[in-house]
Every structure is written in C-alpha cells, then in structure tokens.
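What follows is a short report on a single structure.
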Amino acid sequence: MRKKKELISLIVPCYNEQEALPIFYEEASKVLATMNVDYEFVMVDDGSKDDTFRILKQLSEKDEHVRYISFSRNFGKEAAMYAGFCHAKGDYVAVMDADMQDPPALLPQMLEILEGGEYDSVATRRVTRKGESKVRSFFARMFYKIINMISDAEIVDGARDFRLMRREMVDAIVSMSEYNRFSKGIFGWIGFRTYWLPFENVERVAGTTKWSFWGLFRYAISGIINFSEFPLEVASGFGITMTIIAFVMLVFIIVRKLLFGDPVAGWASTMCVIIFIGGIQLLCLGIMGQYIGKTYMETKKRPQYIVARTNIEKNANKG
Ligand code: UDP
Ligand code: MG
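FYI, the numbering for the sequence shown is 218 to 536, going by the numbering used here.
Below you can see the structure in the form of structure tokens.
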C-alpha cells in the first residue's frame, strides 16, 4: 500500500467539445475512481464558441476535481496543452483529447508501468488509422518519414499526444517556453525513458474534428521547421550546386568561343536555365523566410495564451 495517495492530473484541451466533453468526463471519472490515486482534471477551454465553457463551469461546481482554464480566444491545441502543463499539480500528468480518441481505460495500465520505476513516461501510439481518410493517412505517414529523416527529435509514426508523464518530465516541458510549439517534437527532444503502448484507433464519439487538411499541413510544415535545419541545408546545397554548374558552363563557353567562334544559338536553352535558377532562388528565399518568420515570432516573446477565466488560484504554479 502506498503511504500518501499520488495525484494524477489529466489535461484536456477542449475546443467546441460540448457533445463529447460530458461523455469524456463520465468515462474518465469512472476509470480514475477505480484507481488508488487522487486526481484532478485541468480542462482548458481553448476559446470555444459553443457551450463548452458553461459545461466546464457546471462540472467544476458539482465536482471539486474539475479545474478549468478558459482562454480569451482560440489559441490552438498546442497552447492549450502548454497552459495545462503550467497549471497541473500532479505527480503524474497526462494529456487527453476530449473526444474519447484517447481511451481513459488505458490509464490504470499506464500508471502501473510508471510505478514500476523503470520509465519516465508512457506514450500511446495508434497501430491502425481505421476511420481516417486515405489521403490524410498517406500524408501523415509521409510527414513522419520525412521528419524522422531530417530532424534530431525522434517522432514515432502514429504517436498521439496522449501520454502519462512523471513530474520531472512535465517540468522539462514547462521549461521549454518557445512560441512555436510542436509537442511531439518537444516530447522527443527532452529525452527521458518512454514506454510505447500500442492501441487500435478509436473514432471520435461526438462532434467533428477541429483540424482541416490545410490546418494539418501547416502544422506539419511548422513541425519540420521547428525541429530541423535540414531545409536550410538544402537551400545552401542548391546554391553551391548551381555555382559549380555555372562555372563549368562558363569554362565551356569560353573554350568553345576560342576554338569555334560564337554562333548565335541556344536562346531556348538560355531561357530554361534562367527560369530554372529563378525558381530555385525563390524556393530558397521562401525556406529562409519560414525560418525568419519563426524567429520574428519568437523574439516578440508574446504569451502562448491569455486566460480569461479560471478556477485555479493565482500563483499556485508558474506559467
Ligand atoms: N483542440 C483544441 N484547440 C484547437 C483544436 C483542437 O484544444 O484549436 C482540441 C480538441 O478539442 C480535442 C483535441 O484538441 O480535444 C484534438 O482535436 P481533434 O479531435 O479535433 O483532432 P483529431 O483527433 O481529429 O486529430
Ligand atoms: Mg480527435
């Protein structure tokens, strides 16, 4: 028997989750009640436009385990998770989606693994993508292949943000206060020993996905830019290759002129070369621009999120 019950914090980012949230709350509470732990919910209302906030408020009035933070507008899931990490007090902390795609039933097993003492976090990974569109799965797979090839943070295909972590790991995440956040990269970058728990994909219980294809695409690009300088190296590589080719061509043209005179020909090929080089230059400028844009946002040091309402006492924690 443990002496003092340990505290588990469940961080739940919610954006327009009025249908799914009550179901999640019921299920998660049921599972937590069977575990020999104290628990708190840190529910983050990410500027929802529906009744999510009202539901949170009601839940917090009838159940003292429910803490909520409500943002002044929609800041995105990354910001919501960060706010959760800053305010969670647990010895163990988990992030869970409100739509039941992260099954609460896995929690007891995850806790058991951590209590074994060998691991610092238990992460979950979908082994199937059942119920997801083919196109989306294809691009998701490509993204994981590319980012693992070119970045120094290890990112597992199918990894979800759902993981249970020890306090030390949470403190490390909170210390990474960068503005452009990509949690899967951050989890990988900080290290620690992680146990991977595979599970079958579960479809969302209610409501609709908050990610458009375009939104996911931009998130993927920003993930790559945040955790890799490889695109910059490619840009430099283009530059060097082009310079060498140009030099060889110059020598060729001079030699030809000296040996055979200068017949006027090759207008079409000249145009091709000009357009090709112009294209590559623009591409490289664009890549550079991405990094400069990120740097610009980082240097502003804007807060990741703005809290409008919360029932968590001020100064209880940093953040
Ligand atoms: N979410 C959020 N802010 C956003 C978008 C999503 O807090 O701007 C939350 C959402 O409420 C859910 C989780 O992030 O709890 C995952 O979103 P969703 O289920 O829509 O993504 P999917 O599972 O389809 O990738
Ligand atoms: Mg979901």
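Note that beta-carbon positions come from the ideal geometry of N, C-alpha and C, so glycine has one too.
Please go through the same chain and pick out, in chain order, the residues whose beta-carbon is closer than 6 Å to the beta-carbon of Ala297, but skip the five residues on each side of it. As a position in the sequence shown, residue 297 is number 80, starting the count at 1. Only Pro230, Val261 and Asp263 meet the Cβ criterion.
Using only the alpha-carbon positions, how far apart do Phe409 and Val490 sit? Translated into the one-based positions of the sequence shown, residue 409 becomes position 192. Translated into the one-based positions of the sequence shown, residue 490 becomes position 273. Answer to the nearest angstrom: the Cα atoms are 50 Å apart.
Extent of the continuous alpha helix (DSSP H) run through Tyr396: Here residue 396 refers to the residue found at position 179 of the sequence shown. That residue, Tyr396, is in no alpha helix (DSSP H); it is neither H nor E in DSSP.
Same chain, Cβ closer than 7 Å to Ile272, five either side skipped, listed in chain order: By 1-based counting over the sequence shown, the position of residue 272 is 55. Answer for Ile272: Gln235, Leu238 and Pro239, listed in chain order.
Please classify Ser246: does DSSP put it in a helix, a strand, or coil? Here residue 246 refers to the residue found at position 29 of the sequence shown. Residue state, collapsed to three classes: helix.
Minimum length 4: unbroken alpha helix (DSSP H) runs contained in the stretch 284-321: 294-304
Cβ neighbour criterion (16 or more within 10 Å) applied to Asn253: Against the sequence shown, residue 253 aligns to sequence position 36. So Asn253 counts as exposed.
Can you give the Cα-Cα distance for Lys347 and Arg358, rounded to whole angstroms? If you number the sequence shown from 1, residue 347 lands on position 130. If you number the sequence shown from 1, residue 358 lands on position 141. Their Cα atoms are separated by approximately 14 Å.
Are Ile529 and Ile286 closer than 8 Å when you measure CB to CB? Counting from one through the sequence shown, the residue named residue 529 turns up at place 312. Counting from one through the sequence shown, the residue named residue 286 turns up at place 69. For Ile529 and Ile286, yes; Cβs fall inside 8 Å.
The ligand UDP heavy atoms versus the CB of Tyr232: any closer than 7 Å? The count along the sequence shown starts at 1 and reaches residue 232 at position 15. Checking every heavy atom of the ligand UDP against the Cβ of Tyr232, one is found closer than 7 Å.
So is the beta-carbon of Asn291 under 7 Å away from any non-hydrogen atom of the ligand UDP? Taking the sequence shown and counting its residues from 1, the one referred to as residue 291 is at position 74. At least one heavy atom of the ligand UDP is nearer than 7 Å to the Cβ of Asn291, so yes.
Chain-order list of residues whose beta-carbon lies under 6 Å from that of Ser368 (same chain, five-residue window excluded): For this step, residue 368 is matched to residue 151 along the sequence shown. So the qualifying residues of the chain are Phe444 and Ser445.
Does the ligand MG have a heavy atom nearer than 7 Å to the CB of Asp263? Reading the sequence shown from its first residue, position 46 is the one you call residue 263. Outside the cutoff, so no.
What residue from Thr458, Lys362 and Arg383 has the CA that sits closest to Asp374's CA? Residue numbering aside, residue 374 sits at position 157 when the sequence shown is read from its first letter. Considering only alpha carbons, the answer is Lys362.
Using DSSP's beta-bridge definition, name the partner residues of Asp369. Here residue 369 refers to the residue found at position 152 when the sequence shown is read from its first residue. None, per the DSSP bridge assignment.
Three CB pairs or more closer than 8 Å across the stretch 503-517 and the stretch 390-397: yes
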